[in-house]
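Student:
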Amino acid sequence: MGLLSDPNRRRALIGLLTRLNAPICVFCYMAGVAWFMGLAFEPFTLRTYMSENAMGSTMVEERFPAGERALATGREFSAHKKKAGGMPVDWLVRTMQSRGLEVFTQSFSRTLPFPDENKERYMVKGTNVYGILRAPRAPRTEALVLTAPCTAGDGNNQAVGLLLGLAQYFRSQIFWAKDIIFLVNEHDLIGMQAWLEGYHHSNTTGMDWTPIRGRGGSIQAALSLELSSDVITSLDLVLEGLNGQLPNLDLANLFYAFCQKIGVVCTIQGKLQRNDWDSVAGYSHSVQTMMLMAMKQASGRPWGDHGLFLRYHIEAVTIKGINSFRQYKTDATTVGRLLEGMFRKLNNLLERLHQSYFFYLMPSLSHFVSIGYYMPAFGLLGVILLLRALDLWDQLVTPPPRTEDGAAEQASSPGVLSVLTPLVISHLTGAALYKLPVHFQAMAVEHFPVSETEAVVLTAIAVYTAGLALPHNTHRLLSGEGTEQGWRVLKLVALLYLAVLLGCTALVNFSLGFILALTLVPMAAFVTPHVPKVLSAIVLVFLSPACTLLFSVFFFQELQEDPVSFQEGWMLYLSVISQGILDHYLYGSVIYPLMALLVYPCWLLFWNILFWK
40 MGLLSDPNRR RALIGLLTRL NAPICVFCYM AGVAWFMGLA FEPFTLRTYM
90 SENAMGSTMV EERFPAGERA LATGREFSAH KKKAGGMPVD WLVRTMQSRG
140 LEVFTQSFSR TLPFPDENKE RYMVKGTNVY GILRAPRAPR TEALVLTAPC
190 TAGDGNNQAV GLLLGLAQYF RSQIFWAKDI IFLVNEHDLI GMQAWLEGYH
240 HSNTTGMDWT PIRGRGGSIQ AALSLELSSD VITSLDLVLE GLNGQLPNLD
290 LANLFYAFCQ KIGVVCTIQG KLQRNDWDSV AGYSHSVQTM MLMAMKQASG
340 RPWGDHGLFL RYHIEAVTIK GINSFRQYKT DATTVGRLLE GMFRKLNNLL
390 ERLHQSYFFY LMPSLSHFVS IGYYMPAFGL LGVILLLRAL DLWDQLVTPP
440 PRTEDGAAEQ ASSPGVLSVL TPLVISHLTG AALYKLPVHF QAMAVEHFPV
490 SETEAVVLTA IAVYTAGLAL PHNTHRLLSG EGTEQGWRVL KLVALLYLAV
540 LLGCTALVNF SLGFILALTL VPMAAFVTPH VPKVLSAIVL VFLSPACTLL
590 FSVFFFQELQ EDPVSFQEGW MLYLSVISQG ILDHYLYGSV IYPLMALLVY
640 PCWLLFWNIL FWK
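So for the sequence shown, this note's numbering puts the first residue at 40; every next one is plus one.
#1: Within a Cβ cutoff of 7 Å, which residues of the same chain sit near G253, ignoring the five residues on either side of it in sequence?
#2: Using C-beta distances below 7 Å, list every residue in its chain close to P584, excluding the 5 sequence neighbours before and after it, in chain order.
#3: If distances are taken between C-alpha atoms only, which option among C67, M332, W526 and D344 comes closest to N649?
#4: Please classify G519: does DSSP put it in a helix, a strand, or coil?
#5: Of the residues F595, T87 and L425, which one's Cα is nearest the Cα of Q299?
#6: Could you check how far apart the C-beta atoms of T84 and H406 are, in whole angstroms? I think they sit under 8 Å.
#7: If you draw a straight line from the C-alpha of S137 to the C-alpha of G204, how long is it?
#8: Should Y295 be labelled buried (16 or more other beta-carbon atoms within 10 Å of its own) or exposed?
#9: Note down, in chain order, each residue of its chain lying with its Cβ closer than 6 Å to the Cβ of Q284, except the 5 sequence neighbours on either side.
#10: Under the three-state reduction of DSSP, which class applies to M89: helix, strand or coil?
#11: Where V163 and Y624 are concerned, what is the direct C-alpha to C-alpha distance, given to the nearest angstrom?
#12: Please report the distance separating the alpha-carbon of A51 from that of N242.
#13: Whole angstroms are fine: how far does the CA of V495 sit from the CA of G619?
#14: Count the other CB atoms, across all protein chains shown, that sit within 10 Å of the CB of L389; report buried if there are 16 or more and exposed otherwise.
#15: Just confirm the distance between the C-beta atoms of A371 and L110, as a whole number of angstroms; I'd bet it's less than 8 Å.
#16: Taking all protein chains shown into account, decide if T468 is buried (16 or more other Cβ within 10 angstroms of its Cβ) or exposed.
#17: Look at A233 and M246 and say whether their C-beta atoms are less than 8 Å apart.
#18: Grouping DSSP H, G and I as helix and E and B as strand, with all else coil, what is S257?
#19: Count the other CB atoms, across all protein chains shown, that sit within 10 Å of the CB of Y367; report buried if there are 16 or more and exposed otherwise.
#20: I need the DSSP call for F407, collapsed to helix, strand or coil.
#21: Count the CB pairs spanning the stretch 305–318 and the stretch 270–277 that are closer than 8 Å, and state whether there are at least three.
#22: Spatial neighbours of Y351 within its chain, please: CB distance less than 7 Å, with the 5 preceding and 5 following residues excluded, ordered by chain position.
#23: Rounded to whole angstroms, what is the Cα-Cα separation between W74 and Y413?
#24: For the putative contact between S591 and I554, defined by C-beta atoms under 8 Å, what is the C-beta separation to the nearest angstrom?
#25: Might you give, ordered along the chain, the residues of its own chain that have their beta carbon closer than 8 Å to the beta carbon of V484, omitting 5 neighbours on each side?
#26: Quick one: residues in its chain with C-beta nearer than 8 Å to the C-beta of V132, no 5 flanking neighbours on either side, listed in chain order?
#27: For a quick check, are the C-beta atoms of R340 and S628 less than 8 Å apart?
#28: State yes or no: is the C-beta of E101 within less than 8 Å of the C-beta of R376?
#29: Could you spell out the range, first to last residue, of the alpha helix (DSSP H) harbouring Y639?
#30: Buried or exposed for K121, please, with buried defined as at least 16 other CB atoms from any protein chain shown within 10 angstroms of its CB.
#31: Helix, strand or coil: which one does DSSP assign to S263?
#32: Secondary structure at L162, three-state DSSP: helix, strand or coil?
#33: With C-beta atoms as the reference, is E225 less than 8 Å away from M126?
#34: So K384 packs on M94, CB below 8 Å; how close in whole Å?
#35: State the Cα-Cα distance for the pair T272 and G421, rounded to the nearest angstrom.
#36: As a quick exercise: from I229, V303, R176 and P561, pick the residue whose alpha carbon is nearest that of T150.
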């Protein structure tokens with residue numbers, strides 16, 4: 040404290056930081072990237088462990104015997120689904136009632152803001168069917184959920200069959216202390232959103248649905264099941280939810296513990312676990328797995344039906360059965376035993392899962408990186424912004440040099456409007472980027488030969504590109520030529536704005552904050568009106584949010600070992616933009632408004648500084 044309270048020492052420290060500002064910033068950036076890359080090295084990570092005492096032991100005997108019967112039920116469900124041309128509601132109601140459940144249905148409808156060309160839908164109507172197994176040994180104040188989405192075609196029929204088989208088996212057991220809800224939802228995430236809104240008596244997305252007549256207790260945890268075929272070679276755990284939320288780590292630990300006990304091959308991000316962590320190949324494998332998780336979390340979209348439960352503080356994961364033609368084979372009976380074991384452990388909970396981590400990254404199912412380990416990587420990038428702001432502040436408060444006759448040079452002070460005008464116009468441009476694409480789609484379709492979805496995406500790109508011409512030099516609209524002090528004040532404001540924005544983002548969604556910091560921090564650090572304009576403009580465009588998203592699409596495909604050509608990557612890029620806007624309007628994803636209303640205007644401030652005259 041004495042160092043900061045003593046004026047002489049404080050001036051000396053500030054002088055040292057300003058003199059070595061550039062090398063310190065370069066060092067912090069390199070150290071931040073190196074820190075993040077080192078997180079995947081196994082000795083730097085923590086082994087997963089069960090924090091919740093009620094789930095600490097897997098010493099239960101799983102006895103589910105009806106795997107083949109469940110697959111037969113799945114084939115029967117598939118036949119009725121083809122006959123009905125969609126969800127066989129009547130057959131599901133009869134089947135669940137025959138298994139002793141209290142059965143209810145919920146109808147819903149949703150008109151999308153523009154057509155979803157990936158799934159070819161615009162007017163969505165459907166029905167959710169769910170049955171409740173009442174707890175025989177408790178006052179029915181808590182519940183668990185097992186859900187299987189009814190997808191188009193032949194997908195996920197096996198999961199519905201296994202869900203019905205587990206419902207029949209669970210009905211014969213007497214140790215359940217929580218209600219168990221078996222849910223078959225139509226139209227994947229839209230149906231799940233309708234059911235969750237109806238169950239919790241909330242309507243946050245404007246969807247039309249009929250009120251739910253049957254309710255269980257407060258939902259403590261949920262599992263979503265997706266099976267791709269009758270033959271399963273591995274089970275993949277999906278964690279990433281809406282806006283980058285993650286379930287409590289104990290739920291992932293529970294899945295891994297039962298996979299180890301029963302002998303099921305389990306993966307995360309579709310990648311098997313390797314034991315050769317001390318080799319280059321083993322480390323590279325861990326880095327790919329961790330980066331895939333970071334990319335999925337940064338997207339902010341729910342990667343399974345479980346992702347919508349998390350917003351209601353319900354811990355949930357999606358378990359995907361994958362047939363990847365490996366030599367390992369897992370039958371439906373084994374998968375049923377695993378789910379039975381997990382539900383029996385969740386049945387023992389005395390309170391919500393809360394003792395383990397909610398913020399983490401996983402390079403493998405047996406190791407994790409906690410928030411205390413990965414936040415320093417972001418902190419090293421964020422401190423660059425504060426160091427540059429300190430340097431600018433020192434320049435602004437330092438008295439101007441004296442001339443030869445002893446008179447001090449008069450530095451023209453910037454007017455308020457010269458700094459305020461770029462701020463206002465940049466944010467108005469961001470508001471236009473947020474509002475215009477959806478609201479102007481009809482006009483675009485009328486005047487151009489494009490579909491509604493193409494109109495939305497191309498309008499967003501047009502507004503984004505037009506924004507490059509609007510803000511720069513806008514300070515001259517009201518106050519004439521900009522001053523030397525003016526751009527320094529504007530950059531100081533922009534640096535602090537960006538530091539707060541990235542810091543708040545990283546606290547909620549570390550992966551998104553870190554990816555944005557990787558591109559925006561070096562741009563914010565070097566840009567001034569005195570650097571070469573053309574080269575710097577090209578660099579700024581490449582480090583802009585739009586180009587960051589484009590590079591991320593190609594990088595994500597590389598991590599998945601599914602590289603694409605530039606044309607295919609560009610089409611994926613357009614699809615990602617349309618899905619991001621749809622996710623916002625359908626499920627309440629905040630990524631699109633965050634980018635349009637905050638990140639893009641902040642980037643425009645630095646674009647304005649580059650062209651300051």
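Where a beta carbon is used, it is the ideal one built from N, C-alpha and C, also for glycine. Predicted, not measured: the structure shown is a model, and the values here were computed from it.
Tutor: Looking at the atomic coordinates:
#1: On the sequence shown, position 214 is the one that residue 253 refers to. If we look at G253 and ignore the five residues flanking it on each side, its Cβ neighbours are E141, F143 and I171.
#2: As a working mapping, residue 584 is identified with position 545 in the sequence shown. If we look at P584 and ignore the five residues flanking it on each side, its Cβ neighbours are M634, V638, Y639 and W642.
#3: Counted from its first residue, the sequence shown places residue 649 at position 610. For the sequence presented, residue 649 should be read as Leu rather than Asn. Answer by Cα proximity: W526.
#4: Translated into the one-based positions of the sequence shown, residue 519 becomes position 480. Interpretation of G519 is limited by its pLDDT of 48, a score under 50 that renders its predicted location unreliable; no figure is taken from the coordinates.
#5: The sequence position of residue 299 within the sequence shown is 260, counting from 1. Distance from the Cα of Q299 is smallest, within the candidate group F595, T87 and L425, for T87.
#6: Here residue 84 corresponds to residue number 45 of the sequence shown, with the count starting at 1. Here residue 406 corresponds to residue number 367 of the sequence shown, with the count starting at 1. So it is a contact: roughly 4 Å between Cβ atoms.
#7: Residue 137 sits at position 98 when you count from the first residue of the sequence shown. Residue 204 sits at position 165 when you count from the first residue of the sequence shown. Going by the C-alpha atoms only, they are around 12 Å apart.
#8: The count along the sequence shown starts at 1 and reaches residue 295 at position 256. Y295 sits buried, since 16 or more C-beta atoms from the chains shown fall within 10 Å of its C-beta.
#9: The residue you call residue 284 lines up with position 245 of the sequence shown. Once the five neighbours on either side are set aside, the close Cβ partners of Q284 are L349.
#10: As a first step, residue 89 is located in the sequence shown; it is residue number 50 there, counting from the start. It is coil, neither helix nor strand.
#11: Start at 1 with the first residue of the sequence shown, and residue 163 comes out as number 124. Start at 1 with the first residue of the sequence shown, and residue 624 comes out as number 585. Distance between the alpha carbons of V163 and Y624: 14 Å.
#12: Locating residue 51 in the sequence shown gives position 12, where the first residue counts as 1. Locating residue 242 in the sequence shown gives position 203, where the first residue counts as 1. Their backbone Cα atoms lie some 58 Å apart in a straight line.
#13: Translated into positions along the sequence shown, residue 619 becomes position 580. Translated into positions along the sequence shown, residue 495 becomes position 456. Those two C-alpha atoms are separated by around 11 Å.
#14: Sequence index remark: in the sequence shown, residue 389 carries index 350 (1-based). Counting Cβ neighbours within 10 Å, L389 comes out exposed, since fewer than 16 surround it.
#15: Numbered from its first residue, the sequence shown carries residue 371 at position 332. Numbered from its first residue, the sequence shown carries residue 110 at position 71. Contact holds; Cβ gap of about 5 Å.
#16: Residue mapping note: residue 468 aligns to position 429 of the sequence shown, counting from 1. That one is buried.
#17: The sequence position of residue 233 within the sequence shown is 194, counting from 1. The sequence position of residue 246 within the sequence shown is 207, counting from 1. Result yes, Cβ atoms of A233 and M246 sit closer than 8 Å.
#18: Walking along the sequence shown from the start, residue 257 turns up at place 218. Here DSSP, grouped into helix, strand and coil, assigns S257 to strand.
#19: Within the sequence shown, numbered from 1, the residue matching residue 367 stands at position 328. Exposed, since its Cβ has fewer than 16 Cβ neighbours within 10 Å.
#20: By 1-based counting over the sequence shown, the position of residue 407 is 368. DSSP places F407 in strand when its eight states are reduced to three.
#21: yes
#22: As a working note, residue 351 is residue 312 in the sequence shown. Answer for Y351: L235 and H239, listed in chain order.
#23: Here residue 74 refers to the residue found at position 35 of the sequence shown. Here residue 413 refers to the residue found at position 374 of the sequence shown. Roughly 8 Å separates the two Cα atoms.
#24: In the sequence shown, residue 591 corresponds to position 552, counting from 1. In the sequence shown, residue 554 corresponds to position 515, counting from 1. At roughly 7 Å, the Cβ-Cβ gap stays under 8 Å, so S591 and I554 are in contact.
#25: Taking the first residue of the sequence shown as position 1, residue 484 is located at position 445. Listed in chain order, the non-local C-beta contacts of V484 below 8 Å within the same chain comprise S490, E491 and A494, local neighbours out to five positions each way being set aside.
#26: Counted from its first residue, the sequence shown places residue 132 at position 93. Within the same chain, V132 has close Cβ partners V142, T144 and V168.
#27: Position 301 of the sequence shown, counted from the first residue, corresponds to residue 340. Position 589 of the sequence shown, counted from the first residue, corresponds to residue 628. Yes, the Cβ-Cβ distance between R340 and S628 is below 8 Å.
#28: Sequence index remark: in the sequence shown, residue 101 carries index 62 (1-based). Sequence index remark: in the sequence shown, residue 376 carries index 337 (1-based). Yes; because the gap between Cβ atoms is below 8 Å, this pair is in contact.
#29: One-based indexing of the sequence shown puts residue 639 at position 600. For Y639, the uninterrupted alpha helix (DSSP H) run begins and ends at Y639 to L649, by DSSP.
#30: Counting from one through the sequence shown, the residue named residue 121 turns up at place 82. So K121 ends up on the exposed side.
#31: For the purposes of this step, residue 263 is taken as the residue at position 224 of the sequence shown. If DSSP states are grouped into helix, strand and coil, S263 belongs with the strands.
#32: The residue you call residue 162 lines up with position 123 of the sequence shown. Note that residue 162 is Met in the sequence shown, not Leu. Three-state DSSP puts M162 in a strand.
#33: Mapped onto the sequence shown, residue 225 falls at position 186. Mapped onto the sequence shown, residue 126 falls at position 87. A distance below 8 Å separates the beta carbons of E225 and M126.
#34: Residue 384 sits at position 345 when you count from the first residue of the sequence shown. Residue 94 sits at position 55 when you count from the first residue of the sequence shown. Yes, they are in contact, since the Cβ atoms of K384 and M94 sit about 5 Å apart, within 8 Å.
#35: By one-based count along the sequence shown, residue 272 stands at place 233. By one-based count along the sequence shown, residue 421 stands at place 382. In a straight line, the C-alpha of T272 is about 43 Å away from that of G421.
#36: To locate residue 150, count along the sequence shown from 1; it is residue 111. Selected option, being the one with the closest Cα: I229.
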